[in-house]
Amino acid sequence: MPELPEVEIARRSLERWLGRSEVVGAEANRTRIFRGAGGGRKAFAAVRGKLARADRRGKLLLLGFDSGQGLLSHLGMTGKWVLRDGASEPYSRARLHLADGSVVHYRDPRMFGRIEVHPAEALESLPAVADLGPDPWLHPPTGPSLRSALGQTRVPIKVALMDQTRLAGLGNIHAAEALWRARIHPGRPARSLTAAEWGRLATAIRRGLAFALSAEDSEEIAYVEEPGTPNPFRIYARAGEPCRRCGTRVRLLRQAGRRTDYCPHCQPARRSSR
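Residues in the sequence shown are numbered consecutively from -17, following the working numbering.
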């Protein structure tokens, strides 16, 4: 599922593609990606103009055009924007036709993503955007800021890190990666962390996001779940393998219906002063 680094890569690609050629046409299939708020397929088909802004808030893409039109895009589980020479692309659900003849497709096999059309000036005030917590790439966390956002809850720290109203952008992968880097067990209640552990976790989040952006940066994002895609992560989806730090076999547990890979030696259930 796309998380902050993957969505940031998509933002950079869209800024590059749409910044060099004007949108002269748009079309969309009749699918559920236009469910909920926004103007729907007809409003999308009317999008024209040059890109004026390409922003990201957490896992959301915000695109504004000089025509005054704006797009909010959530990639869901399998969505991605891709640049192609023509209008043919498997699983293409919506398309922006550029003046240079190329086409930017929204590709989404499972269609859990969504596109909303709004006035560009209204994007920041949409509830889906306004209700988000701080973005850890735009506003790098510190130990005290993380403790302030997450430190009063009894829920497991992994689950707390995935709460988008507290911290916007981390999901299953990067929450697990940060906890492994910080040597914190994912099942610990958030309020049980010490000041030193909050500091380690803040550093781990910053370094994990930087690592992912460097390792995954390309013209087109690739998901670990896609066949043939190598897994660049240190702990995610490595249950049964030796821990890359200590060699202990990585274990798997379920939290909030999601997988959590962790090392029982590096991430003990009790407090650690390391």
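Positions of the beta carbon are idealized from the N, C-alpha and C atoms, including for glycine.
As the structure is a prediction and not an experimental result, all values here were calculated from the model.
- When beta bridges are read from the DSSP output, Ile97 appears opposite Ser55.
- When Leu195, Ala110 and Ser130 are compared, the shortest CA-CA separation from His56 is found for Ala110.
- Residue pairing for Gln237: DSSP places it in a beta bridge opposite Arg240.
- At least 7 Å separates the beta-carbon of Lys140 from that of Thr60.
- Val137 and Pro171 have their C-alpha atoms roughly 5 Å apart.
- Contiguous beta strand (DSSP E) elements confined to the region 6 to 55 occur at 33 to 39 and 42 to 47, taking only those with 3 or more residues.
- Contact between Ala36 and Arg(-7) holds: their C-beta atoms lie close to 5 Å from each other, under 8 Å.
- Taking 7 Å as the cut-off, the Cβ atoms of Asp199 and Ile(-9) count as close.
- Residue burial annotation: Ser196 is exposed, with fewer than 16 other C-beta atoms found within 10 angstroms of its C-beta.
- For Ala10, same chain residues with a beta-carbon under 6 Å away, outside a window of 5 residues either side, are Arg23, Phe26 and Ala76 in chain order.
- Per DSSP, reduced to three states, the secondary structure at Arg89 is strand.
- Sixteen is the threshold: since fewer than 16 other Cβ atoms of the shown chains lie within 10 Å of the Cβ of Glu103, the residue is exposed.
- Taken atom to atom, the span from the alpha-carbon of Gly68 to that of Val86 is near 9 Å.
- When C-alpha distances from Arg12 are compared across Arg148, Pro(-13) and Arg96, the shortest belongs to Arg96.
- Cβ contact annotation for Gly50 (same chain, cutoff 7 Å, sequence separation greater than five): Pro101 and Ala102, in chain order.
- Here Glu(-12) has Glu198 and Ile203 as same chain residues with Cβ atoms under 7 Å from its own Cβ, once five neighbours each way along the sequence are excluded.
- In the structure shown, Ser196 falls within a helical segment according to DSSP collapsed to helix, strand and coil.
- Within the same chain, Cβ atoms closer than 6 Å to the Cβ of Gly46 are found at Ala34, Arg35, Gly52 and Ala102, the five residues on either side in sequence being excluded.
- Under the criterion of beta carbons closer than 8 Å, Leu80 and Val29 do not qualify as touching, at roughly 12 Å.
- A distance below 6 Å between beta-carbons, with the five flanking residues on each side excluded, links Phe94 to the following residues of its chain, in chain order: Gly58 and Met59.
- Taking Ala221 as the centre and dropping the five residues before and after it, the same chain places the C-beta of Val232, Arg233, Leu234 and Asp243 closer than 7 Å to its C-beta, in chain order.
- Counting only the Cα atoms, Met144 lies some 24 Å from Trp63.
- Rounded to the nearest angstrom, the gap between the Cα atoms of His167 and Glu(-15) is 21 Å.
- The region 202 to 219 and the region 121 to 136 do not touch, with fewer than three beta-carbon pairs separated by less than 8 Å.
- With 16 or more neighbouring CB atoms inside 10 Å of its own CB, Arg163 falls in the buried class.
- The three-state secondary structure of Val141, taken from DSSP, is helix.
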